[in-house]
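*Asks:* Following this message is one structure expressed as structure tokens.
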Amino acid sequence: MSEPQYLETAQGRRLAYHRTGGEGPMVVFLGGLKSDMEGTKALYLEDWARAQGRAFLRFDYSGHGQSSGVFEEGSIADWHEDTLAAVEALTEGPLVVVGSSMGGWQALLLARAMPARVAGLVTIAAAPDFTEDGYWAGFSDAQKAEIEAGRNVELPSDYMEPYVVTRKMIEDGLRHLVLRAPLDLPFPVRMLQGTADTAVSVATAVALLEHATSPDMRLLLVKDADHRFSDDTCLQLIERAVEDVST
């Protein structure tokens with residue numbers, strides 16, 4: 002395994018990344034909450050990009066993987082700043098952005114911030130607005146009281162250790178919602194979603210499909226695929242989706 006390079010951001014964060022040279026549009030992978038750039042999907046796409054002679058970038062948000070920071074101190078805005086910093090410093094020209102889970106929300110924020118740079122978008126179990134529509138909406142009165150008092154709430158996960166939810170994450174997420182105002186995606190979009198996903202529902206995927214505007218936006222439901230979306234069949238579907246929005 003090669004050692005990552007590091008980017009120092011204007012906010013004083015140190016982001017670990019791997020960048021592969023090649024032709025464009027450059028593929029940028031945005032990982033999920035508490036995931037890192039060493040995940041199956043990121044590495045599969047990197048290998049695919051290298052074989053195709055395509056430029057590719059994967060990186061860790063602050064508080065994730067090999068980057069600086071503590072996860073519990075981060076928020077949607079912090080990770081959006083990290084994404085913008087990585088894109089501005091490490092890429093040029095048009096991009097194909099691939100966002101997984103929380104990375105799907107980050108991909109939509111990136112597209113909203115710099116639509117002219119995005120040539121195509123692929124989401125995998127995208128989780129836009131999950132801090133509000135998932136966490137906060139599902140909290141009991143007692144859990145909401147804990148958050149409002151500045152204490153953390155732990156939520157079990159079917160896929161990893163419990164998620165730690167902070168007041169900062171809830172309040173910051175509320176300021177970065179993408180499903181409450183018009184969301185124009187002026188490029189091809191491919192959305193991939195498993196029907197057995199217990200972290201992100203099919204209803205969330207349908208809500209995003211119905212809410213956004215795009216000249217070419219399609220949702221593919223994969224029966225019995227879970228949130229990892231990382232078996233051989235799912236990885237090949239991701240590859241084909243990237244190829245589809247790259248043409």
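In this note's numbering, the protein residues as written are 2 to 248.
C-beta atoms are modelled at their ideal positions from N, C-alpha and C, and glycine is treated no differently.
These figures come from a predicted structure and were not determined experimentally.
Does Cys181 come out as helix, strand or coil in the three-state DSSP assignment?
*Replies:* Looking at the sequence shown, residue 181 is not Cys but Arg. Reduced to three states, the DSSP call for Arg181 is coil.
*Asks:* Can you list, in chain order, the stretches of the alpha helix (DSSP H) that have 4 or more residues and sit fully within the segment 125-174?
*Replies:* Runs of the alpha helix (DSSP H) inside the segment 125-174: 142-149.
*Asks:* Relative to the alpha-carbon of Arg55, which residue among Ala11, Pro26, Ala126 and Leu209 has its alpha-carbon at the smallest distance?
*Replies:* Nearest of Ala11, Pro26, Ala126 and Leu209 to Arg55, Cα basis: Pro26.
*Asks:* Helix or strand or just coil, what does DSSP make of Gly75?
*Replies:* Note: Gly75 maps to coil in three-state DSSP.
*Asks:* Check whether the segment 81-88 and the segment 210-217 touch, using three or more Cβ-Cβ pairs below 8 Å as the test.
*Replies:* Too few Cβ pairs lie closer than 8 Å, so no.
*Asks:* Report the option in Tyr45, Thr214, Glu4 and Lys145 whose CA atom is closest to the CA atom of Lys169.
*Replies:* It is Lys145.
*Asks:* What first and last residue would you give for the alpha helix (DSSP H) that runs through Val201?
*Replies:* First-last for Val201: undefined, no H or E at that position.
*Asks:* Whole angstroms are fine: how far does the CA of Leu91 sit from the CA of Glu24?
*Replies:* Distance between the alpha carbons of Glu24 and Leu91: 14 Å.
*Asks:* So the candidates are Glu89, Arg20 and Thr132; which of them puts its Cα closest to the Cα of Leu178?
*Replies:* For the residues Glu89, Arg20 and Thr132, the minimum Cα distance to Leu178 belongs to Thr132.
*Asks:* Following the continuous beta strand (DSSP E) through Ala213, name the residue where it begins and the one where it ends.
*Replies:* Careful: Ala213 lies outside any beta strand (DSSP E) and carries neither H nor E.
*Asks:* Let me know the secondary structure DSSP gives Thr41 once reduced to three states.
*Replies:* In this structure, Thr41 counts as helix in the three-state DSSP scheme.
*Asks:* Go ahead and pull the three-state DSSP assignment for Pro26.
*Replies:* Residue state, collapsed to three classes: strand.
*Asks:* With a Cβ-Cβ cutoff of 7 Å, do Arg191 and Ala127 count as a contact?
*Replies:* Taking 7 Å as the Cβ cut-off, Arg191 and Ala127 do not qualify as a contacting pair.
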